[in-house]
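In this note's numbering, the protein residues as written are 1 to 109.
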Amino acid sequence: MLSRLAAKYDEKDAAFLAASIDEPQTQPRIARFLEKKKITLAVFTGATAETLKQFELGEIVPATLILDRDGAVTFRIEGEASKKDISSRLDWLLSERSSKQPKILIKNY
1 MLSRLAAKYD EKDAAFLAAS IDEPQTQPRI ARFLEKKKIT LAVFTGATAE
51 TLKQFELGEI VPATLILDRD GAVTFRIEGE ASKKDISSRL DWLLSERSSK
101 QPKILIKNY
């Protein structure tokens, strides 16, 4: 889903980065998994559970962090994010925040 959204927003000044919290011994499997699932997102493989805490995402995986153009954290989604959860927030940010602001934190668990 994120790969499809990334393609949709490619021309709209938005970038996507996935982060994996896999243990070092399983990290070599990530590239094959991404290839098999046809996931084209860039993946940061050095994340840890502590990384989630630093971004105030709790300990739930998956989690989604949406930053504005200045790199400031604008939205957090704990648990599985839907296409609508992400696109409504990106659309709001990219529209120069001209409509009603979506919820800053969503907890989907």
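For every residue, glycine included, the Cβ atom is placed at its ideal position computed from N, Cα and C.
Buried versus exposed call for Leu17 [16 or more other C-beta atoms within 10 Å across all chains shown]: Here residue 17 refers to the residue found at position 17 of the sequence shown. Under this definition Leu17 is an exposed residue.
Going by C-alpha to C-alpha distance, which of Asp70, Lys107 and Lys38 sits closest to Asp85? Position 85 of the sequence shown holds residue 85. Looking at the Cα atoms, Lys107 is the closest of the given residues.
Could you have a look at Leu105 and say whether DSSP puts it in helix, strand or coil? In the sequence shown, counting from the first residue as 1, residue 105 sits at position 105. Per DSSP, reduced to three states, the secondary structure at Leu105 is strand.
Note down the Cα distance separating Glu96 from Thr64, rounded to an integer number of angstroms. Here residue 96 refers to the residue found at position 96 when the sequence shown is read from its first residue. Here residue 64 refers to the residue found at position 64 when the sequence shown is read from its first residue. Distance between the alpha carbons of Glu96 and Thr64: 21 Å.
Is the region 20–35 touching the region 45–64 in the sense that three or more CB pairs, one from each, lie closer than 8 Å? Flag = yes, the region 45–64 and the region 20–35 touch.
If you pair each beta-carbon of the region 69–81 with each one of the region 45–60, do three or more pairs fall below 8 Å? Judged by Cβ distances under 8 Å, the region 69–81 makes contact with the region 45–60, as three or more pairs qualify.
Neighbourhood of Arg29 by C-beta distance below 8 Å, restricted to the same chain and skipping five residues each side: Numbered from its first residue, the sequence shown carries residue 29 at position 29. Cβ neighbours of Arg29 beyond the five flanking positions: Asp22.
Look up Thr33 in the DSSP assignment and say whether it is helix, strand or coil. Residue numbering aside, residue 33 sits at position 33 when the sequence shown is read from its first letter. The question names Thr, but residue 33 in the sequence shown is Phe. DSSP, read as helix, strand or coil, puts Phe33 in helix.
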